[in-house]
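Asker: Under numbering that gives the first Met the number 0, think of the first position of the sequence shown as 0, with each following residue one higher. Quick one: structure below, then a few questions.
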Amino acid sequence: MYERFFGLDDAPFRLTPDPRYLFLSSKHAEALAHLRLGLKESSGFVCITGDVGTGKTTLLRAFLGELGPDVAAAYIFSPALSTTELLQRINREFGLPGMSASQMELVDGLNAHLLAQREAGRISVVVVDEAQAFSMDLLEQLRLLSNLETATEKLLRVVLVGQPQLRTLLLDPGMAQLNQRITLRWHMGPLRYRETVAYVRHRLGVASGGKTTRLFTVPALRLTHSLAGGVPRLINMIAHRAMLAAFVAREPRVTRRSVVRAYREIKAVPLPGTLSVVRRAAWAAAGAAVGVGVVTLGVPLGWFSEMRRAVTPQAAVRPSETVVKAAPVAPPAEVPPTDPAPAAAAPPPLAAAAPAANAVPEAAPVLPPPSPVAEFERRLTALDAQTSARAAADAVLAAWRTRSLADDETQVPDDLERIAWRRGLEDMRLTGNRSMLGVLDLPAVLELRVPGSSGPCYAALTALDERRATLTIGSTPTVIEAGLLDLFWFGQAHVLWRDFEGLGMTFGLGARGTHVARLQALLRRAGTYGGEASGEFDPPTVAAVLDFQRSRLLVPDARVGRLTRIVLYAAAGGYPRPRLGAGTS
0 MYERFFGLDD APFRLTPDPR YLFLSSKHAE ALAHLRLGLK ESSGFVCITG DVGTGKTTLL
60 RAFLGELGPD VAAAYIFSPA LSTTELLQRI NREFGLPGMS ASQMELVDGL NAHLLAQREA
120 GRISVVVVDE AQAFSMDLLE QLRLLSNLET ATEKLLRVVL VGQPQLRTLL LDPGMAQLNQ
180 RITLRWHMGP LRYRETVAYV RHRLGVASGG KTTRLFTVPA LRLTHSLAGG VPRLINMIAH
240 RAMLAAFVAR EPRVTRRSVV RAYREIKAVP LPGTLSVVRR AAWAAAGAAV GVGVVTLGVP
300 LGWFSEMRRA VTPQAAVRPS ETVVKAAPVA PPAEVPPTDP APAAAAPPPL AAAAPAANAV
360 PEAAPVLPPP SPVAEFERRL TALDAQTSAR AAADAVLAAW RTRSLADDET QVPDDLERIA
420 WRRGLEDMRL TGNRSMLGVL DLPAVLELRV PGSSGPCYAA LTALDERRAT LTIGSTPTVI
480 EAGLLDLFWF GQAHVLWRDF EGLGMTFGLG ARGTHVARLQ ALLRRAGTYG GEASGEFDPP
540 TVAAVLDFQR SRLLVPDARV GRLTRIVLYA AAGGYPRPRL GAGTS
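Below, the structure written as structure tokens:
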């Protein structure tokens with residue numbers, strides 16, 4: 000939306016873990032070196048920890064993206080698994096049958112596969128993300144898998160990546176055997192000020208093809224670093240909103256004032272910095288907050304059409320649906336909050352007098368209508384996290400026309416992967432923005448946060464266009480202005496999807512088999528491939544995948560992962576899938 004104004008080719012501060020934007024600070028470069036070294040050493044585990052938002056997943060994506068055909072990786076990111084389901088998931092990631100309920104059969108099949116891979120000169124690695132949320136039983140199962148070995152080396156490398164709590168978990172006496180097998184460890188902390196400056200300029204350079212790197216003034220960079228505490232995710236949030244504020248004000252550079260505006264918009268997020276002027280600008284001015292949300296957030300009504308090739312017609316709003324609209328607001332002015340003016344002195348009491356016979360009674364004061372932000376916040380505050388998560392999951396399952404949650408399926412959203420798997424679906428945890436939701440075009444469970452609340456609540460996104468979003472809150476469909484969503488949703492979502500053609504784990508150049516032939520047929524239906532379904536991921540197939548990814552604003556890496564498959568199934572058509580635009584296709 001603001002890219003053309005600033006001379007950019009892409010949005011530089013998206014929250015999605017795009018490997019193109021990986022910034023190798025000294026800490027990140029060392030972590031990546033540990034991951035690479037772990038492939039060469041087969042004697043133990045690799046453990047990478049990092050604070051929330053420091054770029055662990057982005058680093059992992061870059062690491063996985065650079066693996067060649069001689070390395071097979073199983074990427075595990077859901078902690079809501081039993082030990083048997085963990086084995087099933089690892090086997091499926093390696094392309095093996097994963098439906099057996101016998102752990103012995105699963106381990107025997109995995110061992111035979113790993114031996115065959117070793118004989119062929121290939122390496123197998125299991126990468127566990129969010130490992131701090133894994134139970135001790137799951138971690139112990141991973142330790143047991145590391146016992147699969149020959150006389151000279153381990154058959155399976157294991158990488159554990161998680162938040163700092165993982166280090167505490169590994170100190171438990173019950174984890175002593177696993178802890179002793181970790182031969183490579185590294186912790187990723189926040190960026191220093193100079194690294195923050197380099198980080199912002201690096202992302203601007205990537206987004207502009209190296210043409211633009213100094214859009215932020217030095218005071219703006221200092222304030223951004225102070226507020227974000229050097230955490231890359233928070234830097235992205237502040238920098239993105241600051242660029243939107245500068246764009247709305249038609250300022251050619253992002254100044255400290257734009258960063259102040261950005262912080263006002265995202266103050267629901269507990270940032271580590273301080274800014275007294277901004278802190279005094281409380282959410283009490285709810286109407287003005289909508290103005291900032293709709294104007295400064297950059298939601299001119301045509302922005303979404305630039306992100307998608309076509310915008311589907313807005314679904315008609317049923318009379319039973321709740322509609323929350325944003326009130327029109329004047330453009331935001333950069334006026335610091337001031338103390339309220341003293342109340343005017345009350346007039347002296349009038350002498351008692353008999354009212355005139357024809358006196359007109361004084362009209363009652365007209366109260367202003369309730370603020371849409373305050374009303375929406377009130378509804379979200381009343382939600383219970385577990386109850387709202389179950390209701391949101393049920394709404395998404397209903398959109399897929401599959402059975403609702405059973406009585407024993409209570410751990411939502413943590414258990415969504417297993418819940419989806421039981422219904423022939425897959426759960427993709429997403430960190431993104433509204434444009435990404437629009438590209439995927441599938442209902443999603445959104446994690447919403449209210450200022451001052453102790454935890455999140457959840458709602459199902461079931462419709463979205465350039466103007467409005469439809470959320471199922473509890474059991475009530477609620478239509479809101481699309482810009483209002485950005486005040487309470489900070490990018491965390493669960494998207495349920497179906498791998499209709501069974502393409503399996505991520506693959507790319509050099510792959511061959513029936514799944515590649517099915518991919519080529521899909522690309523032909525999507526209009527980017529004109530060759531035969533040869534079953535070989537050859538250069539023409541690479542070109543077709545790249546063309547498709549670029550046309551749909553996906554990362555053009557020529558690898559067929561979950562995002563590419565979801566969008567490809569939508570483009571090919573003919574599959575029963577719900578849509579955010581217009582029902583089921």
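We put the CB at the ideal spot given by N, CA and C, even for glycine.
What is the residue span of the beta strand (DSSP E) that Leu63 lies within?
Answerer: On the sequence shown, residue 63 is found 64 positions in, with the first residue counted as 1. Careful: Leu63 lies outside any beta strand (DSSP E), inside the alpha helix (DSSP H) at Lys55 to Gly64.
Asker: May I ask you to list the residues that DSSP assigns as paired with Asp426?
Answerer: The count along the sequence shown starts at 1 and reaches residue 426 at position 427. Per DSSP, Leu495.
Asker: Is the separation between the beta-carbon of Tyr198 and that of Phe4 shorter than 7 Å?
Answerer: Here residue 198 is taken as the residue at index 199 of the sequence shown, counted from 1. Here residue 4 is taken as the residue at index 5 of the sequence shown, counted from 1. No.
Asker: Would you say Arg400 faces chain B, with C-beta separation under 7 Å as the test?
Answerer: Looking at the structure shown, chain B is missing, and only one protein chain is on hand.
Asker: Which one of Leu203, Ile75, His514 and Phe215 has the shortest CA to CA distance from Asp8?
Answerer: Translated into positions along the sequence shown, residue 8 becomes position 9. The candidate whose alpha carbon is nearest that of Asp8 is Leu203.
Asker: Under 8 Å by Cβ, that's how I've got Thr56 and Asp128 pegged, so tell me the actual separation to the nearest angstrom.
Answerer: Numbered from its first residue, the sequence shown carries residue 56 at position 57. Numbered from its first residue, the sequence shown carries residue 128 at position 129. Right, the Cβ-Cβ distance comes to about 6 Å (below 8 Å), so this counts as a contact.
Asker: So the beta strand (DSSP E) Thr195 belongs to, where does it begin and stop?
Answerer: Looking up residue 195 in the sequence shown gives position 196. Element bounds for Thr195: not the beta strand (DSSP E) but the alpha helix (DSSP H), Tyr192 to Ser207.
Asker: Who are the Cβ neighbours of Ala30 in its own chain at under 7 Å, not counting the five residues just before and after it?
Answerer: One-based indexing of the sequence shown puts residue 30 at position 31. Within the same chain, Ala30 has close Cβ partners Ile47, Leu58, Trp185 and Met187.
Asker: Do the CB positions of Ser595 and Glu416 come within less than 7 Å of each other?
Answerer: The first residue shown for the chain is 0 and the last is 584, placing residue 595 beyond what the model contains.
Asker: If we ignore side chains and look at the alpha-carbon of each, how far apart do Ala130 and Leu34 end up?
Answerer: Translated into positions along the sequence shown, residue 130 becomes position 131. Translated into positions along the sequence shown, residue 34 becomes position 35. Answer to the nearest angstrom: the Cα atoms are 15 Å apart.
Asker: Quick one: residues in its chain with C-beta nearer than 6 Å to the C-beta of Gly49, no 5 flanking neighbours on either side, listed in chain order?
Answerer: For the purposes of this step, residue 49 is identified with residue 50 of the sequence shown, where counting begins at 1. Hits under 6 Å: Lys55 and Met187.
Asker: Using CA atoms only, rank isn't needed, just tell me which of Asp485, Gly431, Ala462 and Ala458 is closest to Ser474.
Answerer: Position 475 of the sequence shown holds residue 474. Selected option, being the one with the closest Cα: Ala458.
Asker: Going straight from the alpha carbon of Tyr262 to that of Glu465, what length do you get?
Answerer: Position 263 of the sequence shown, counting from 1, holds the residue named residue 262. Position 466 of the sequence shown, counting from 1, holds the residue named residue 465. Straight-line Cα distance between these residues: approximately 25 Å.
Asker: Can you give the Cα-Cα distance for Ala72 and Glu65, rounded to whole angstroms?
Answerer: Numbered from its first residue, the sequence shown carries residue 72 at position 73. Numbered from its first residue, the sequence shown carries residue 65 at position 66. Each residue's Cα considered, the two are about 11 Å apart.
Asker: Per DSSP, His186 is paired with what?
Answerer: The count along the sequence shown starts at 1 and reaches residue 186 at position 187. In DSSP, His186 forms a bridge with Thr48.
Asker: Looking at Phe22 and the ligand FAD, is the gap between the Cβ and the nearest heavy atom below 6 Å?
Answerer: Ligands are entirely absent from the displayed structure, and the ligand FAD is therefore not among its contents.
Asker: Rank Gly501, Ala398 and Gly120 by C-alpha distance to the C-alpha of Thr461 and give the top, closest one.
Answerer: Walking along the sequence shown from the start, residue 461 turns up at place 462. Nearest option by C-alpha distance: Ala398.
Asker: Go through the stretch 128-184 residue by residue and report every complete run of the alpha helix (DSSP H) that reaches 4 residues or more, in order.
Answerer: With a minimum length of 4 residues, the continuous alpha helix (DSSP H) runs that stay inside the stretch 128-184 are 135-144, 164-169 and 175-179.
Asker: Determine whether the beta carbon atoms of Val217 and Ala241 lie at a separation below 7 Å.
Answerer: Here residue 217 refers to the residue found at position 218 when the sequence shown is read from its first residue. Here residue 241 refers to the residue found at position 242 when the sequence shown is read from its first residue. The answer is no: Cβ separation not under 7 Å.
Asker: Could you name the residues that DSSP lists as bridge partners for Arg511?
Answerer: Taking the first residue of the sequence shown as position 1, residue 511 is located at position 512. Arg511 is bridged to Glu535.
Asker: Would you kindly report the start and end of the unbroken beta strand (DSSP E) that includes Ala79?
Answerer: Counting from 1 along the sequence shown, the entry for residue 79 is found at position 80. Taken as a continuous stretch (DSSP letters only), Ala79 belongs to no beta strand (DSSP E), as it is neither H nor E.
Asker: Run through DSSP, which three-state label would Ser225 get?
Answerer: Locating residue 225 in the sequence shown gives position 226, counting from the first residue. Helix.
Asker: Suppose the cutoff is 7 Å on Cβ atoms and the five residues either side in sequence are ignored; what does the same chain contact list for His239 look like?
Answerer: To locate residue 239, count along the sequence shown from 1; it is residue 240. Taken in chain order, the residues that qualify are Phe12.
Asker: Can you tell me whether Ala332 is buried or exposed? The criterion is at least 16 other CB atoms within 10 Å of its CB, across all chains shown.
Answerer: Counting from one through the sequence shown, the residue named residue 332 turns up at place 333. Because the pLDDT of Ala332 is 40, which lies under 50, any placement of that residue in the model is unreliable, and the number read from its coordinates should be weighed accordingly. Its Cβ having fewer than 16 others within 10 Å, Ala332 is exposed.
Asker: Within 10 angstroms of its Cβ, does Pro172 collect 16 or more other Cβ (buried), or is it exposed?
Answerer: The residue you call residue 172 lines up with position 173 of the sequence shown. So Pro172 ends up on the exposed side.
Asker: Quick check: the stretch 540-548 against the stretch 509-522, are at least 3 beta-carbon pairs closer than 8 Å?
Answerer: Short answer: they touch.
Asker: Around the C-beta of Gly573, are 16 or more other C-beta atoms found within 10 angstroms, so that it is buried, or is it exposed?
Answerer: Taking the first residue of the sequence shown as position 1, residue 573 is located at position 574. Classification of Gly573: exposed, given that the 10 Å Cβ count is below 16.
Asker: Taking the alpha carbon of Ile237 as the point to measure from, which residue in Glu264, Ala248 and Arg142 has its own alpha carbon closest?
Answerer: What you label residue 237 is simply residue 238 of the sequence shown in a count that begins at 1. The option with the nearest alpha carbon to Ile237 is Glu264.
Asker: Counting C-beta neighbours from all protein chains within 10 Å, is the total for Asp393 16 or more, i.e. buried, or is it exposed?
Answerer: As a working mapping, residue 393 is identified with position 394 in the sequence shown. Classification for Asp393: buried.
Asker: Within this structure, are the beta carbons of Leu470 and Leu379 separated by less than 7 Å?
Answerer: Here residue 470 refers to the residue found at position 471 when the sequence shown is read from its first residue. Here residue 379 refers to the residue found at position 380 when the sequence shown is read from its first residue. The answer is no: Cβ separation not under 7 Å.
Asker: Cα-Cα, which of Glu500, Phe133 and Arg191 is closest to Ile234?
Answerer: To locate residue 234, count along the sequence shown from 1; it is residue 235. Nearest of Glu500, Phe133 and Arg191 to Ile234, Cα basis: Arg191.
Asker: Would a C-beta distance cut-off of 7 Å place Leu155 and Leu144 closer than the cut-off?
Answerer: Position 156 of the sequence shown, counted from the start, is the residue given in the question as residue 155. Position 145 of the sequence shown, counted from the start, is the residue given in the question as residue 144. Yes, the Cβ-Cβ distance between Leu155 and Leu144 is below 7 Å.
Asker: Which partner residues does Leu553 have in the DSSP bridge list?
Answerer: As a position in the sequence shown, residue 553 is number 554, starting the count at 1. Paired residue(s): none; Leu553 is not in a bridge.
Asker: Less than 7 Å separating the beta-carbons of Thr182 and His224?
Answerer: Stepping through the sequence shown from its first residue, residue 182 is reached at position 183. Stepping through the sequence shown from its first residue, residue 224 is reached at position 225. Cβ distance not < 7 Å, so Thr182 and His224 don't count as in contact.
Asker: So, with DSSP's three-state summary, where would you put Gly108?
Answerer: Taking the sequence shown and counting its residues from 1, one reaches residue 108 at position 109. If DSSP states are grouped into helix, strand and coil, Gly108 belongs with the helices.
Asker: Who are the near neighbours of Asp17 in its chain, counting only those whose CB is closer than 8 Å to its CB and skipping five residues on each side?
Answerer: As a working note, residue 17 is residue 18 in the sequence shown. Taken in chain order, the residues that qualify are Thr57, Arg60 and Val554.
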